[in-house]
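Q: Protein chains in written order, with the working numbering: chain A, 2 to 94; chain B, -12 to 379.
Ideal Cβ positions, reconstructed from N, Cα and C, are used throughout, including at glycine.
Computed from a predicted model, the values in this text were never measured in an experiment.
(1) Grouping DSSP H, G and I as helix and E and B as strand, with all else coil, what is residue 148(B)?
(2) May I have the straight-line CA-CA distance separating residue 201(B) from residue 41(B), to the nearest angstrom?
(3) How would you label residue 165(B), buried or exposed, when you count the other beta carbons within 10 angstroms and need 16 or more for buried?
(4) What is the DSSP secondary structure of residue 254(B), reduced to helix, strand or coil?
(5) Closest by CA to residue 416(B), which one among 30(B), 29(B) and 39(B)?
(6) Run through the DSSP bridge pairs and tell me what residue 36(B) is partnered with.
(7) Which residues bound the beta strand (DSSP E) around residue 281(B)?
(8) For residue 26(A), which of helix, strand or coil comes out of DSSP?
(9) If you count every other CB in all the chains shown that lies within 10 Å of the CB of residue 327(B), and 16 or more means buried, which is it?
(10) Got a sec, what are the start and stop residues for the beta strand (DSSP E) residue 342(B) sits in?
(11) Give the interface partners of residue 56(A) over in chain B, defined as CB-CB distance under 9 Å, in chain order.
(12) Can you list, in chain order, the residues of its chain whose CB lies under 7 Å from that of residue 304(B), leaving out five sequence neighbours each side?
(13) Scan the segment 73 to 89 of chain B for residues whose Cβ lies nearer than 9 Å to a Cβ of chain A and list them as they occur along the chain.
(14) Spell out whether any CB of chain A is found under 8 Å from the CB atom of residue 19(B).
(15) Does any CB atom of chain A fall closer than 8 Å to the CB of residue 163(B)?
(16) Is the segment 152 to 169 of chain B touching the segment 103 to 121 of chain B in the sense that three or more CB pairs, one from each, lie closer than 8 Å?
(17) Nearest-angstrom Cα distance between residue 74(B) and residue 289(B)?
(18) State the Cα-Cα distance for the pair residue 189(B) and residue 12(B), rounded to the nearest angstrom.
(19) Which of the three DSSP states is assigned to residue 99(B) in this structure?
(20) Considering only residues of the segment 211 to 265 of chain B, which uninterrupted beta strand (DSSP E) runs meet the minimum length of 3 residues and lie entirely inside it, listed in chain order?
(21) Could you give the uninterrupted runs of the alpha helix (DSSP H) lying entirely in the segment 119 to 185 of chain B, keeping only those of 4 residues or more?
(22) Within 8 Å of any Cβ in chain B, is that where the Cβ of residue 47(A) sits?
(23) Please classify residue 366(B): is it buried, with 16 or more other beta-carbons within 10 angstroms of its beta-carbon, or exposed?
(24) Specify the secondary structure class of residue 4(B) as computed by DSSP and reduced to three states.
(25) Rank 80(A), 50(A) and 44(A) by C-alpha distance to the C-alpha of residue 102(A) and give the top, closest one.
(26) Quick check on the DSSP output: the beta strand (DSSP E) that includes residue 86(B) runs from which residue to which?
(27) At the level of alpha carbons, what is the spacing between residue 90(A) and residue 35(B)?
(28) Using the C-alpha atoms, what's the distance from residue 181(B) back to residue 371(B)?
Here's what the structure looks like:
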């Protein structure tokens, strides 16, 4: 089983998680988002569209680097940060 | 739960001291959330219930008239993708659709930016709903709005895709499929309209569609035979005569009496200084000769404001042969708002109550079929849609 990874949640998505930081599992970003959606139904489609693209004003960072490819690997100790573009603040705030 | 108070003789025999409250509903969808206004029987007192979904863009909020308690809300935000929220207790609690309207995944596939329009299906098809999206797509739910699927093959039909055009062909807020209409006599007989892309009809439950654009005009210099150039803003079926359609178009006000297929531009009877450009149109629930529009300024860069800053409803009581200005109670000057295509509605009262919400966040009501108006709410966000419901 893949390791649990820390995911920082953008404020518009906290109505799903109830927290600004959650744990999810997956060895790729796609797998991690699928796990996140299983835990918090509906959250994935609000940031990933039906053509499997990250929505226009959403951004995902892994360890501080922007990631657009859902097949990007995720490993133990990684930190995934989901933010809304431009007007979004730190998921920690 | 509070314990029921035992009935006394007086409580059983005493007539109600006031009309039943909260039986009339106004479902108000805005740029920043939704509100439900609950009106008393006299429709002169309204209580705000909201905001629901504060901060979310709500394009449409609809009650299922078949059960009187299920609400669907078409939602998105500036950043997040679109979804549908559903309540089965008139908004006391909400659940999100696990599968909202979305195009199929395919090479070059489209993405739903927002669901724009919600229509409950025929009375004999409980739990069936239709949805129109931006960019133009037609979807159907058969489980009360919980899950949605593309409907009828239309979304991938090459001819219809050509007529829909690209997102670049649409308005800044995106091209839309709207005005989904179900013939109350036949659940297989449907209409919808696209901005842009014309008005369309099926007689076989969506297996085949055909355009209904004869008689509709387009912007000067373009060919009216080309479906994609047509921009119907709002199509309404007369509740008392399902063979009569009214339409407010980018290029005029029209009427169509079936089985004819050619629209008549009844807006030519509007005063020349007002013209017949606008977004919404409303038809009387019991009189197919009576309808109302709210003209707007469609000149030059399309200000989309009340003409001269002097808003007015125009009503007809003879199918569009003559129009009467109805502005008593409305601002006399310097009111630069307008009303979007879903934001004008009628109830089924006698006389009919009319309601509209403005781009400046005001909610106006008339209990006199438009003869006089009063503002029942101010300072709301930009209003996108107003629907009525009677749960008396």
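A: The relevant details are as follows:
(1) helix
(2) 43 Å
(3) buried
(4) helix
(5) As displayed, chain B neither begins before -12 nor continues past 379, which places residue 416(B) out of reach and without an answer.
(6) 23(B)
(7) 278 to 282
(8) strand
(9) buried
(10) 341 to 344
(11) 66, 67, 68 and 98
(12) 276 and 277
(13) 83, 84, 85, 86, 87 and 89
(14) no
(15) no
(16) yes
(17) 37 Å
(18) 32 Å
(19) coil
(20) 219 to 225, 228 to 236 and 239 to 244
(21) 145 to 151
(22) yes
(23) exposed
(24) Its pLDDT being 39, under 50, residue 4(B) is placed unreliably in this model, and the value from its coordinates should be taken loosely. Note: residue 4(B) maps to coil in three-state DSSP.
(25) Since the displayed chain A opens at 2 and closes at 94, residue 102(A) lies outside it and no answer follows.
(26) Unbroken run through residue 86(B): none, as it is neither H nor E.
(27) For residue 90(A), the predicted structure reports a pLDDT of 45, less than 50, and the residue's modelled location is therefore unreliable. The matter cannot be settled from this model.
(28) 17 Å
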